[in-house]
Amino acid sequence: MERNSRWPGFYKLSIEERRQVAAEALGISVSDMQQALEGGLQSERADKIIENVVGTFSLPFALALNVTVNGSDYIAPMVVEEPSVVAAASNAARMIRGGGGFEADADDPVMTAQVQLDEVPDPVAACERLRGHSGELCALGDAQVPGLLRRGGGVRGIEVRDLGDGMVVVHFFVDCRDAMGANLVNTVAEGVATRIQELSGGEIGLRILSNLCDRRKVRVRARVPAASLAGNGFDGARVRDGIVKASRFAERDPYRATTHNKGLMNGLDAVVIATGNDWRAVESGVHAYAARDGQYRPLCVWRGEGDDLVGELELPLSLGIVGGPSRVHDGARMGLRIVGVESATELAMVAASVGMASNLAALRALATEGIQRGHMALHARSVAIAAGATGAEVERVASTIHGKGDINLAAAEQALSALRGGREQVVAPPPGE
Ligand code: MEV
Numbered sequence: 169m170e171r172n173s174r175w176p177g178f179y180k181l182s183i184e185e186r187r188q189v190a191a192e193a194l195g196i197s198v199s200d201m202q203q204a205l206e207g208g209l210q211s212e213r214a215d216k217i218i219e220n221v222v223g224t225f226s227l228p229f230a231l232a233l234n235v236t237v238n239g240s241d242y243i244a245p246m247v248v249e250e251p252s253v254v255a256a257a258s259n260a261a262r263m264i265r266g267g268g269g270f271e272a273d274a275d276d277p278v279m280t281a282q283v284q285l286d287e288v289p290d291p292v293a294a295c296e297r298l299r300g301h302s303g304e305l306c307a308l309g310d311a312q313v314p315g316l317l318r319r320g321g322g323v324r325g326i327e328v329r330d331l332g333d334g335m336v337v338v339h340f341f342v343d344c345r346d347a348m349g350a351n352l353v354n355t356v357a358e359g360v361a362t363r364i365q366e367l368s369g370g371e372i373g374l375r376i377l378s379n380l381c382d383r384r385k386v387r388v389r390a391r392v393p394a395a396s397l398a399g400n401g402f403d404g405a406r407v408r409d410g411i412v413k414a415s416r417f418a419e420r421d422p423y424r425a426t427t428h429n430k431g432l433m434n435g436l437d438a439v440v441i442a443t444g445n446d447w448r449a450v451e452s453g454v455h456a457y458a459a460r461d462g463q464y465r466p467l468c469v470w471r472g473e474g475d476d477l478v479g480e481l482e483l484p485l486s487l488g489i490v491g492g493p494s495r496v497h498d499g500a501r502m503g504l505r506i507v508g509v510e511s512a513t514e515l516a517m518v519a520a521s522v523g524m525a526s527n528l529a530a531l532r533a534l535a536t537e538g539i540q541r542g543h544m545a546l547h548a549r550s551v552a553i554a555a556g557a558t559g560a561e562v563e564r565v566a567s568t569i570h571g572k573g574d575i576n577l578a579a580a581e582q583a584l585s586a587l588r589g590g591r592e593q594v595v596a597p598p599p600g601e
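Here the working numbering is used: the first residue of the sequence shown is 169, the next is one more, and so on.
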């Protein structure tokens with residue numbers, strides 16, 4: 169089914185209405201959606217996943233709209249606790265959609281297994297010997313993962329590195345197909361170790377994947393016409409130039425690059441979590457990659473091209489659509505059904521595109537009115553909920569405390585008790601809201 173990710177007015181609906189719209193558009197039953205998205209995990213099942221379980225912990229599950237990647241529309245599931253992230257990503261994705269959408273490509277899903285050798289008596293000769301046996305070692309690696317071979321994956325090659333002082337490391341490059349790959353790669357590393365020891369004469373050390381999966385990169389490019397960046401009294405060309413300057417700032421300064429990348433990871437991680445993927449693996453990989461030449465750098469950069477703003481992103485991304493939590497977590501399984509991808513690389517392209525959208529949204533806000541005004545409006549809602557407001561009270565209390573510019577718990581409690589006692593003071597929000 170050809171999907172359309174443009175759902176105008178979705179944000180104004182109630183949760184039930186949103187589920188209905190999403191269910192209909194995605195061909196998923198409302199009851200499946202409801203069952204999967206009220207927590208997604210029972211305590212009894214959680215108890216089988218990790219140790220010492222005393223309960224489960226929920227986060228908001230939302231949908232980012234307007235995501236067009238390589239000409240196809242996607243609804244991107246996002247799990248995140250920070251206000252504004254989903255709205256901002258959807259909004260920026262809409263601007264990018266106006267310029268033709270995200271163009272993305274990804275490497276084959278190749279992960280690296282590391283086998284460490286210590287006390288190698290003659291490292292130069294050992295490296296030569298290991299390289300000379302690469303065919304045999306690849307075949308031995310393949311023999312550890314027959315199921316992966318049947319699915320079209322397997323060992324694609326090896327690399328031998330002399331790290332000095334008698335330490336040698338052998339890398340196995342393993343195409344993990346639709347799996348994130350940690351278990352497969354670790355199985356290969358452990359299965360080949362004895363033969364590697366025989367060939368090198370050293371002592372076997374660690375046998376484990378590397379989360380710096382720089383053979384599994386994703387690239388995204390987007391073009392945004394300057395006119396679609398205009399808003400809040402700023403013309404498009406000025407916003408475009410502000411975003412380009414913000415990008416240059418991040419390219420020159422690791423302090424800024426860190427925050428720049430944090431904004432990008434707001435969107436990317438949210439998709440990673442909503443699809444049951446290992447966000448610590450993703451985080452460690454992308455930040456190591458960002459610092460690969462010794463200076464921490466932005467993962468996405470922005471340039472002006474004619475009237476347009478052009479963004480380019482590149483990062484390593486190890487995501488899976490089979491195995492892991494997708495087997496046991498109903499919410500993660502629903503996340504995968506919603507995004508509707510057919511391969512792990514397709515998921516990587518969608519997640520990275522949402523990351524780019526989040527980065528663009530943050531830079532656009534920062535290059536214009538700043539982020540605090542939008543944030544505070546949403547923050548007021550959380551404070552209203554913390555004060556005990558429920559249902560329609562939330563918006564009313566939030567708008568009162570936001571209007572007064574007094575967003576704190578005491579003010580929210582006071583507004584709530586005034587509302588419940590019929591003494592609500594209606595305060596106009598600040599101009600421009
Ligand atoms: C906040 O979660 C993310 C931002 O700080 C990102 C940025 O500064 O680019 C707004």
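In this text, a Cβ means the ideal position worked out from N, Cα and C, and glycines have one as well.
Item: So, helix, strand or coil for residue 463, using DSSP?; Value: coil
Item: Residues in its own chain within less than 7 Å of residue 529 by CB, not counting five upstream and five downstream?; Value: 256, 257, 259, 260
Item: Once DSSP output is grouped into helix, strand and coil, what is the label at residue 596?; Value: Residue placement at residue 596 is flagged as unreliable, the pLDDT there being 45, under the threshold of 50; the coordinate-derived value follows with that caveat. Note: residue 596 maps to coil in three-state DSSP.
Item: Using 7 Å as the cut-off, classify the Cβ of residue 427 as near or not near the heavy atoms of ligand 3, replying yes or no.; Value: Of the ligands one can find in the structure shown, namely ligand 1, none is ligand 3.
Item: Consider the C-beta atom of residue 534 and the heavy atoms of ligand 1; say whether any pair is separated by less than 7 Å.; Value: yes
Item: Below 8 Å between beta carbons: does that hold for residue 385 and residue 275?; Value: yes
Item: Roughly how many whole angstroms lie between the Cα atoms of residue 279 and residue 217?; Value: 24 Å
Item: My understanding is that residue 309 touches residue 248, with C-beta atoms under 8 Å, so please give their C-beta distance in whole angstroms.; Value: Not quite, the Cβ-Cβ distance comes to about 38 Å (not below 8 Å), so this is no contact.
Item: Alpha helix (DSSP H) containing residue 547: first to last residue?; Value: 540-554
Item: Take the Cβ of residue 292 as the centre, count every other Cβ of all protein chains shown within 10 Å, and call the residue buried at 16 or more, exposed below.; Value: exposed
Item: Give the secondary structure of residue 246 by DSSP, where H, G and I count as helix, E and B as strand, and everything else as coil.; Value: strand
Item: Would you kindly check if the distance between the Cβ of residue 537 and the Cβ of residue 400 is under 8 Å?; Value: yes
Item: Which partner residues of residue 468 appear in the DSSP bridge assignment?; Value: 481
Item: Return the chain-ordered list of same chain residues with a C-beta closer than 7 Å to the C-beta of residue 534, the five sequence neighbours on each side being excluded.; Value: 414
Item: For the beta strand (DSSP E) containing residue 181, list its first residue and its last residue.; Value: Here residue 181 belongs to no beta strand (DSSP E), and DSSP marks it neither H nor E.
Item: Let me know the secondary structure DSSP gives residue 251 once reduced to three states.; Value: coil
Item: So is residue 273 buried or exposed if we call it buried at 16+ other beta carbons inside 10 Å?; Value: exposed
Item: Thinking C-beta only, is residue 469 closer than 8 Å to residue 245?; Value: no
Item: Nearest to residue 411 by CA position, among 524, 254, 296, 501, is which residue?; Value: 524
Item: Under a three-way DSSP split, which group does residue 282 fall into?; Value: strand
Item: Is the beta carbon of residue 552 closer than 8 Å to that of residue 208?; Value: no
Item: With which residues is residue 414 paired in a DSSP beta bridge?; Value: Answer is none; residue 414 lacks a bridge partner.
Item: Would you say residue 434 touches ligand 1, meaning its beta carbon is less than 7 Å from a heavy atom?; Value: yes
Item: Identify which residue in 394, 342, 467, 473 has its Cα closest to the Cα of residue 657.; Value: Any answer about residue 657 is impossible in this case: the structure gives the chain only from 169 up to 601.
Item: How many Å lie between residue 427 and residue 443 at the Cα?; Value: 24 Å
Item: Could you give the uninterrupted runs of the beta strand (DSSP E) lying entirely in the region 361-390, keeping only those of 3 residues or more?; Value: 371-378
Item: Within the present structure, is the beta-carbon of residue 539 separated from the nearest heavy atom of ligand 1 by less than 7 Å?; Value: yes
Item: Taking only three categories from DSSP, how would you classify residue 568?; Value: helix
Item: If you run the structure through DSSP and keep just helix, strand and coil, what is residue 339?; Value: strand
Item: What does DSSP give as the partner residues of residue 473 in its beta bridges?; Value: 476
Item: Might you give, ordered along the chain, the residues of its own chain that have their beta carbon closer than 6 Å to the beta carbon of residue 531, omitting 5 neighbours on each side?; Value: 411, 414
Item: How long is the line joining the alpha carbons of residue 574 and residue 430, rounded to whole angstroms?; Value: 28 Å
Item: For residue 314, does the count of other Cβ atoms within 10 angstroms reach 16, so buried, or fall short, so exposed?; Value: exposed
Item: Counting along the chain, where does the beta strand (DSSP E) carrying residue 233 start and finish?; Value: 229-237
Item: Check for me: the alpha helix (DSSP H) holding residue 296 runs from which residue to which?; Value: 291-300
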